[in-house]
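J.: I am attaching a structure below and will ask some questions about it afterwards.
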Amino acid sequence: MSARKPYRQGTFPPAPDPLPVPVLDSHTHIDITLQEDGDGGPATVAEAVAAARAAGIDRLVQVGCDVESSRWGVEVAAQHPAVVATVALHPNDAPRVPDLDAALREIERLAAHPRVRGIGETGLDYFRTGEGDARKVQHESFRAHIAIAKRYGKTLVVHDRDAHDDILRVLDEEGAPDQVVMHCFSGDETFARECLDRGYLLSFAGTVTFGNAAHLRRAAAVTPLDGLLVETDAPFLTPTPYRGRPNASYLIPVTVRALADVTGHDLDALCAAVSANGDRAFGAWQ
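Offset between the sequence shown (1-based) and the numbering used here: plus 298.
Structural data, given as structure tokens:
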């Protein structure tokens with residue numbers, strides 16, 4: 299299990315009404331969620347899967363952030379049919395790896411596993427990384443992950459924080475894989491259109507419900523049904539009205555219903571589209 303510290307302490311939110319059509323959580327960190335100290339949360343992977351299924355979430359994408367969590371995710375996906383994995387070095391972790399080449403070789407080894415359906419989360423994060431060597435390492439790692447995704451025919455799961463222009467530039471220069479998911483989409487309407495023009499899927503998290511996120515709601519409103527995914531990024535980014543409490547996959551319905559309101563789509567149609575997009579990005583679960 300990942301050694302990352304728990305994100306929030308406090309009670310997990312109550313379960314929402316289940317969705318009428320099952321969807322997936324396209325990006326979750328079950329390993330970190332299980333470390334949360336809050337009451338009411340899952341204590342095992344089986345409990346996390348069961349709670350999600352009761353809310354109409356029938357598939358989970360467990361996302362790797364480092365070698366340890368990537369290995370853990372592959373093991374979990376091999377044991378639980380409702381879970382598939384992605385593997386990667388998070389852009390904030392890449393500069394801290396003692397031997398980047400060795401870590402990337404291990405990520406590539408894991409990428410060959412049939413339960414690994416994506417390479418990510420990888421990308422660029424300028425929020426915590428200024429100019430200098432660390433940012434150069436992020437770029438090197440991102441380009442290496444793009445190459446791995448293309449070699450193994452896996453979806454690329456992109457972390458982009460305050461780096462929109464460089465994310466697109468690197469993808470254009472390297473040549474993007476067939477499927478790209480912009481995890482926790484954080485741009486505005488203009489950036490959304492640029493991504494959609496390239497055929498990327500936009501995955502919206504609980505941030506779309508935040509009061510200061512009007513730009514995300516405008517971006518979601520211009521995203522067609524065949525370009526939408528939904529995620530928790532659990533245990534992070536818990537949607538309103540539970541912001542600040544730990545997140546989990548069973549809370550996806552809160553964000554899905556918010557997206558239905560923002561986009562004007564019928565809830566059933568939105569769920570069906572998100573489910574189909576998940577199949578396109580990550581393949582069959584069984």
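We put the beta carbon where it would ideally sit given N, CA and C, even for glycine. Here the structure is a predicted model, which is why all the values come from computation and not from measurement.
1) Under a three-way DSSP split, which group does Ala380 fall into?
2) Can you pull the DSSP bridge partners for Arg459?
3) Assuming Phe580 is part of the beta strand (DSSP E), what are its boundary residues?
4) Let me know the secondary structure DSSP gives His325 once reduced to three states.
5) Evaluate contact between the segment 483-490 and the segment 440-455, counting only Cβ atoms and requiring at least three cross-stretch pairs below 8 Å.
6) Just to confirm, does Gln377 get its C-beta within under 7 Å of one of the non-hydrogen atoms of the ligand ZN?
7) Could you name the residues that DSSP lists as bridge partners for Ala333?
8) Where DSSP assigns a beta bridge to Val528, which residues make up the other side?
9) Does the beta-carbon of Glu345 have 16 or more other beta-carbons within 10 angstroms, so that it is buried, or is it exposed?
10) With burial defined as no fewer than 16 other Cβ atoms inside 10 Å of the residue's Cβ, what is the status of Pro544: buried or exposed?
11) Rounded to whole angstroms, what is the Cα-Cα separation between Asp335 and Asp460?
12) Would you decide whether Ser300 is buried or exposed? Buried here means 16 or more other CB atoms lie within 10 Å of its CB.
13) Starting from Asp356, trace the beta strand (DSSP E) in both directions and tell me its first and last residue.
14) Consult DSSP for Val468 and reduce its assignment to one of helix, strand or coil.
15) Hey, Val468 and Ala518: beta-carbon distance below 8 Å or not?
16) Would DSSP call Gly416 helix, strand or coil?
17) According to the Cβ coordinates, are Leu499 and Ala579 closer than 8 Å?
T.: Result, derived from the coordinates:
1) In the structure shown, the three-state DSSP call for Ala380 is coil.
2) Asp423
3) No beta strand (DSSP E) contains Phe580, which is instead part of the alpha helix (DSSP H) from 565-580.
4) strand
5) no
6) Looking at this structure, you won't find the ligand ZN or any other ligand, since it has none at all.
7) Per the sequence presented here, residue 333 reads as Gln, with Ala not at that position. Paired residue(s): none; Gln333 is not in a bridge.
8) Phe502
9) exposed
10) buried
11) Distance between the alpha carbons of Asp335 and Asp460 is about 30 Å.
12) With a pLDDT of 40 at Ser300, under the threshold of 50, the modelled position of that residue is not reliable, and the figure given next carries that caveat. Ser300 should be labelled buried.
13) 355-361
14) Helix, per DSSP.
15) no
16) Strand at Gly416.
17) Between Leu499 and Ala579, the CB-CB gap stays under 8 Å.
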